[in-house]
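Worksheet: one structure, shown below.
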Amino acid sequence: MKKFNIRKVLDGLTAAAAASSSSSSSAQPGQRPPDNDIVETLCSEHFQLCKTVRHGFPYQPSAMAFDPVQKILAIGTQSGSLRLFGRPGVECYCQHDSAAGVIQLQFLINEGALVSALADDTLHLWNLRQKRPAILHSLKFNKERITFCHLPFQSKWLYVGTERGNVHIVNVESFTLSGYVIMWNKAIELSSKTHPGLIVHISDNPMDEGKLLIGFESGTLVLWDLKSKKGEYRYSYDEAIHSVAWHHEGKQFVCSHSDGSLTIWNVKSPIRPAQIITPHGKLPKDGKKPEPCKPILKVEYRTCKSGDPFIIFSGGLSYDTVGRRPCLTVMHGKSTAVLEMDYPIVDFLTLCETPYPSDFQEPHAVVVLLEKDLVVVDLGQNGYPIFENPYPLDIHESPVTCCEYFADCPVDLIPALYSVGAKQKRQGYSKKEWPINGGNWGLGTQSYPEIIITGHADGSLKFWDASAITLQVLYKMKTSKVFEKSRNKEEKPNTDIVDEDPYAIQIISWCPESRMLCVAGVSAHVIVYKFSKQEMTTEVIQMLEIRLHYEINDLESPDTDQVLSVGTSCQGSNSQTANSQSHPSTSSTSSDGLRDNVPCLKIKSTPLKQGAGYQAEVVIQLVWVNGEPPQQITSLAVNSSYGLLVFGNCNGIAMVDYIQKTVLLNLGTIELYGSNDPYQRQPKSPRKTRQASGGLCDINEGSTALDDRCKSPTSAKMSRKLSLPTELKPDLDVRDNSFSRSRSSSVTSIDKESREAITALHFCETYTRKADTCTSPCLWVGTTLGTVLVIVLNLPSGGEQRLTQPVIVSPSGTILRLKGGILRLAFLDTTGSLILPAHEPWREPNLQEEKDDKDKCRKLRPVSVSPSSSQEISETQYAVICSEKQAKVISLPSQNCIYKHNITETSFVLRADIVGLNGSICLACFCANGHIMTFSLPSLRPLLDVNYLPLTDMRIARTFCFTNNGQALYLVSPTEIQRITYSQGTCENLQEMLGELFTPVETPEAPNRGFFKGLFGGGAQSLDREELFGESAAGKPSRSLAQHIPGTGGIEGVKGAASGVAGELARARIALDERGQKLSELEERTAAMLYSADTFSKHAHDVMLKCKDKKWYQF
């Protein structure tokens, strides 16, 4: 534990400056530091940054493989990543360094290894016997492009087909090439006058490993005899081949073709196919060839011991089925089932009871990999139902537009959300167990509850249980239920300000203790929700409309002590538009024909049935003003103890009493300053044009590349640009949520900008003015210009008075300033502990007796304050303020800045949070230049600075968030959440928490050949591949053809992590142990052989003595 005396801050300035060249920390000169010592327990040793787990559907999948013994599924993507799935809760993410797309995956079945073939013509061998898989070997092909790979079961020789039509053979143990090569011209000989094309298929005959079937793209197939090194049979068809599948007896195989046909061939009849089928083709009446269909991209032929075989294929639909969804076709006997999928099919594979290709397959399920989903079909039940997917692969069901992360939540919260979410589950799934069930769970020591909330483009919210590095959906809700939906395009809302996704969620404010939820949407709407375990029907949805408008021309500065606004009741669908100068008009157009006083969305007028869970309490909408659309909301806060909600945008701020359903405050941002406005502003006319909409984006750089980077996952139009007057954009130097953020350090003159957005809001109980001797409820407001203003809240006492008497809102006159827009506000007590905002405990709102009692019991939670008796002035609290550029700690009530730290000069902070770690607190920041930093509180000492992730996508900026206990997350792709930790303790325990992919499992017994097959030579023929492909028989391969690259995945925990002398010693010790163990085993084996030889000698001598005197006819 380190005791930090804040008197010694000035002495540490030099060291702090040396530690961070891009930032500086100091105590303010001329200010007297507090007399009491604040013990800061956090130091740099407590921090370490590493990725923990990745959740969600693999983005842009390209290949799939399954280990039928280990029951592990692997998915490769176009960006070179691998995702491995076992039983629910066992997942793993790996990444190839080259980031080239994965074209094929092959398991070494039951060996704990996987071969990946990449688009850059490399092969990689992954070791899955460790919790974090690593590459053991790589092989880079230099002269030929890889198109197809095949690894027979229980073989160490991998067949690699290339674009030139050749087949090379790789030893997967040493990852070296064999000298044995099948050249295309020798394979086809005179059967074709032209090049047969690239290799699309390689497989060995299930009954004879010495016969290799090679499929060329042009339609030619060759059955190659490996021993005699020549083609035994050649098959030709005039349509291109896409895939081939064997019957398990090895006498027939089926090919899928580009015209939607399937050809079934008898192995020994190469002249013509035994059967040609076009499953979805229309048969002409004159008996001619069926009409061509779309290509059948893949086919599988699976047999059953009792019953007809399954032929399963993807594609092959008729060309006249326009608009039909992608299909998987299952042909079983005389029945043909067409299973429609929501997205295009990338790959599929059947799950069978045996890994042996020469046995009856007995298929029981089909895994279908779609572009945006993973579906498993049950083949054992009528109607082919799908399995309920236990993995969290539906994060992207609607594009994620924002997310929040809460660690160390109340323990009763996850069960409560799960209980209401369980009622939402769909029916009709297969009754069987999920078939992908390999691996073992990790032994997690993290026991605190974690919840992630994701907001989506369709207005839905999802609550996820994220405890112990897993992810499971708890509860889903739709905010769009409270609005009328337009039935057709002509019926679009007349006041729509976004072209797509008008309900998209932008900001989430949630109080876990009281379970109050508040969401702000893209159409300038805010909805307040209460949590209930009981269903209810809302007859009339409570609604407030607010006319939040920016008019600088007729601004009158209010007196700093004057009451700003006293709300008037605005309830029901006929509500009056409320603002500080009440506008009773509800007309949809003003005198000059412009839209006026109309909200963007229409509230439902019919009764709304609300299920258990979150139920809408009140809907607040900003309205159009004189043809100008309402500006999107930039900040939001709710406080259950005060019963207040506040939000702001680039026009101003509005506060709502959601208990009394009244608007308390409705002011333009500059009206908050009153006569204390430090800026000289030029009047600007309001913008009359349509607003762009959406997430975070640049508003002043015309770079096309940057604009493309800023696109939201929803659509190109969903780019949240704060609506500034058009004439300001070319010369705008100060920025709202923009990339360029560069501006002068002086903020006293902003005559180029006339709008100031609200970016941070924080309810608290603290000192509002310098002369205060006691704390009071208030709201702290931060703006894009780095200003912090304080608004005093005068709340009625609890019980009946809270329901009838108005909340009085007044400015305090306190103004603080920082460099850069304000991002985060927090307060510490005299011991340096975080003061949490007051909150109400949750009570069931739909029980009548509870309703009567809850208001009588409403009290403000006392703030824990323990002032030091030695202080002359009662310095009992500290305000922590973080902006895009710097952080300050302000002593209250004196308002002296006691610590200041310039976080970045060249970049800007995107996200800042005050978080708890190891029983203390710190400030965590994520900068646009990719740096993740943490600072001690209150002294703002740098504790961590890691260049982790350059900001390449605004998705990351919109979704990055820190939470307690060293956890953070962001949306790494449109479909995946990446979780990281900045806690040393979590990094050390991560290995234990991760699940194991490989578990020791006995390989099933080979199928019984039977007496007659054994007697007459039937059954599967084995092949000594070592004799054929080894260097002694095949010779040395061409050195220039492929280059071997050793991998890093050796002894887990040593080769991967250890470095320096200690690591070398550890490796040497392990190597010696291994050598000693091998020598010991060799010695034991030698002794056993000597004993065996001695025994054999004795038996032989006995037999000789016994038979010595016998004649030949006596034997």
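If you read the sequence shown in the working numbering, its first letter stands for residue 62, the second for the next number, and so on.
Heads up, the beta-carbon is just placed ideally off N, CA and C, and yes, glycines get one too.
For Gln44, which residues does DSSP report across the bridge? Nothing can be reported for residue 44: it is not among the residues displayed for the chain, which extend from 62 to 1176.
Quick check: the stretch 508 to 525 against the stretch 709 to 718, are there 3 or more CB pairs under 8 Å? no
Restricting to Cα atoms, I'd like to know which of Pro1011, Leu1032 and Trp903 is closest to Arg1019. Counting from 1 along the sequence shown, the entry for residue 1019 is found at position 958. That would be Leu1032, whose Cα lies nearest to the Cα of Arg1019.
Between Glu1057 and Pro194, what straight-line distance do the alpha-carbon atoms span, to the nearest angstrom? Counted from its first residue, the sequence shown places residue 1057 at position 996. Counted from its first residue, the sequence shown places residue 194 at position 133. Rounded to whole angstroms, Glu1057 to Pro194 spans 10 Å at the Cα level.
Please determine, among Trp307, Gln167, Arg386 and Gly441, the residue with the shortest C-alpha to C-alpha distance to Ser367. Locating residue 367 in the sequence shown gives position 306, where the first residue counts as 1. Per the Cα distances, Gly441.
Using 8 Å as the threshold, is the stretch 201 to 211 in touch with the stretch 140 to 159, meaning 3 or more CB pairs across them? no
Which value, in whole angstroms, describes the spacing of the CA atoms of Asn687 and Glu606? Here residue 687 corresponds to residue number 626 of the sequence shown, with the count starting at 1. Here residue 606 corresponds to residue number 545 of the sequence shown, with the count starting at 1. Distance between the alpha carbons of Asn687 and Glu606 is about 15 Å.
Across which residues does DSSP place Ala677 in a beta bridge pair? Residue 677 sits at position 616 when you count from the first residue of the sequence shown. Per DSSP, Tyr590.
Assigned exposure category for Gln131 - 16 Cβ within 10 Å defines buried: By 1-based counting over the sequence shown, the position of residue 131 is 70. Classification for Gln131: buried.
State yes or no: is the beta carbon of Trp903 nearer than 8 Å to at least one beta carbon in chain B? Among the chains of the structure shown, chain B does not appear; only one protein chain is present.
Apply the 10 Å Cβ neighbour rule to Arg1002 and answer buried if 16 or more other Cβ atoms are within range, or exposed otherwise. Here residue 1002 is taken as the residue at index 941 of the sequence shown, counted from 1. The residue in question, Arg1002, is buried, as its Cβ has 16 or more Cβ neighbours within 10 Å.
Inter-stretch contact at 8 Å, needing at least 3 Cβ pairs: the stretch 726 to 743 / the stretch 590 to 599: no
So, using beta-carbon positions, are Val283 and Ile260 closer together than 8 Å? Position 222 of the sequence shown, counted from the first residue, corresponds to residue 283. Position 199 of the sequence shown, counted from the first residue, corresponds to residue 260. No, they are not a contact pair.
Which residue from Ile694, Thr875, Lys288 and Asp526 puts its Cα closest to that of Val472? Residue 472 sits at position 411 when you count from the first residue of the sequence shown. The option with the nearest alpha carbon to Val472 is Asp526.
Run through DSSP, which three-state label would Lys542 get? By 1-based counting over the sequence shown, the position of residue 542 is 481. Helix, per DSSP.
Does DSSP put Thr1060 in a helix, a strand or coil? Position 999 of the sequence shown holds residue 1060. Coil.
Tell me whether Glu689 is buried or exposed, calling it buried when 16 or more other Cβ atoms sit within 10 Å of its Cβ. For the purposes of this step, residue 689 is taken as the residue at position 628 of the sequence shown. Counting Cβ neighbours within 10 Å, Glu689 comes out buried, since at least 16 surround it.
Determine the contact status of Ala306 and Ser319, defining contact as a CB-CB distance below 8 Å. Start at 1 with the first residue of the sequence shown, and residue 306 comes out as number 245. Start at 1 with the first residue of the sequence shown, and residue 319 comes out as number 258. Not in contact: Ala306 and Ser319 (Cβ atoms no closer than 8 Å).
Identify, in the order they occur along the chain, each residue of the same chain with its Cβ nearer than 6 Å to the Cβ of Asn990, setting aside the five sequence neighbours on each side. What you label residue 990 is simply residue 929 of the sequence shown in a count that begins at 1. Within the same chain, Asn990 has close Cβ partners Ser968.
Residue closest to Leu454, alpha-carbon to alpha-carbon, out of Thr462, Ala468 and Lys433: Working through the sequence shown from its first residue, we reach residue 454 at position 393. Closest by alpha carbon: Lys433.
Please determine, among Ile1038, Val543, Met244 and Ile514, the residue with the shortest C-alpha to C-alpha distance to Lys537. Here residue 537 refers to the residue found at position 476 of the sequence shown. Ranking the options by Cα distance to Lys537, first place goes to Ile514.
CB Glu817 to CB Leu854, shorter than 8 Å? In the sequence shown, the residue the question calls residue 817 occupies position 756. In the sequence shown, the residue the question calls residue 854 occupies position 793. Taking 8 Å as the Cβ cut-off, Glu817 and Leu854 do not qualify as a contacting pair.
With Gly516 as the anchor, note down where its beta strand (DSSP E) starts and where it stops. By 1-based counting over the sequence shown, the position of residue 516 is 455. Gly516 -> beta strand (DSSP E) spans Glu511 to His517.
Within 8 Å, do at least three Cβ pairs link the stretch 223 to 237 to the stretch 176 to 186? yes
Straight-line CA distance for Tyr298 to Leu274? Working through the sequence shown from its first residue, we reach residue 298 at position 237. Working through the sequence shown from its first residue, we reach residue 274 at position 213. Their Cα atoms are separated by approximately 15 Å.
Own chain residues within Cβ distance below 6 Å of Cys1168, not counting five before or after: The residue labelled residue 1168 in the question sits at position 1107 within the sequence shown. None.
Please tell me whether Cys365 and Phe409 are closer than 8 Å, where the distance is taken between their beta carbons. Position 304 of the sequence shown, counting from 1, holds the residue named residue 365. Position 348 of the sequence shown, counting from 1, holds the residue named residue 409. Their beta carbons are not under 8 Å apart, which means Cys365 does not touch Phe409 by this criterion.
Verify whether the separation of the beta carbon atoms of Ile456 and Gly173 is less than 8 Å. Sequence index remark: in the sequence shown, residue 456 carries index 395 (1-based). Sequence index remark: in the sequence shown, residue 173 carries index 112 (1-based). Not closer than 8 Å, so no.
Pull the bridge partners of Asp408 from the DSSP assignment, please. As a first step, residue 408 must be located in the sequence shown, where it is residue number 347. According to DSSP, which records beta bridges pairwise, Asp408 is partnered with Leu430.
Could you check if Ala483 is buried or exposed, using at least 16 other CB atoms within 10 Å of its CB as the buried criterion? Working through the sequence shown from its first residue, we reach residue 483 at position 422. Ala483 comes out exposed.
Between the stretch 870 to 877 and the stretch 891 to 909, do at least 3 Cβ pairs fall closer than 8 Å? no
Look up Ala715 in the DSSP assignment and give the residues it is bridged to. By one-based count along the sequence shown, residue 715 stands at place 654. The partner list for Ala715 (beta bridge, DSSP) reads Phe708 and Asn727.
Go ahead and label His107 buried or exposed: buried means 16 or more other beta carbons lie within 10 angstroms of its beta carbon, across all protein chains shown. Sequence index remark: in the sequence shown, residue 107 carries index 46 (1-based). Buried.
Assign Ile975 to buried or exposed, taking buried as 16 or more other Cβ atoms, counted over all protein chains shown, within 10 Å of its Cβ. As a working mapping, residue 975 is identified with position 914 in the sequence shown. Buried is the call here.
Among Glu449, Tyr404 and His425, which one has its Cα closest to the Cα of Leu431? The residue you call residue 431 lines up with position 370 of the sequence shown. Of the listed residues, the one whose Cα sits closest to Leu431 is Tyr404.
Quick one: give me the first and last residue of the beta strand (DSSP E) that Ala698 is part of. Position 637 of the sequence shown, counting from 1, holds the residue named residue 698. Segment Ser696 to Asn700, the beta strand (DSSP E) holding Ala698.
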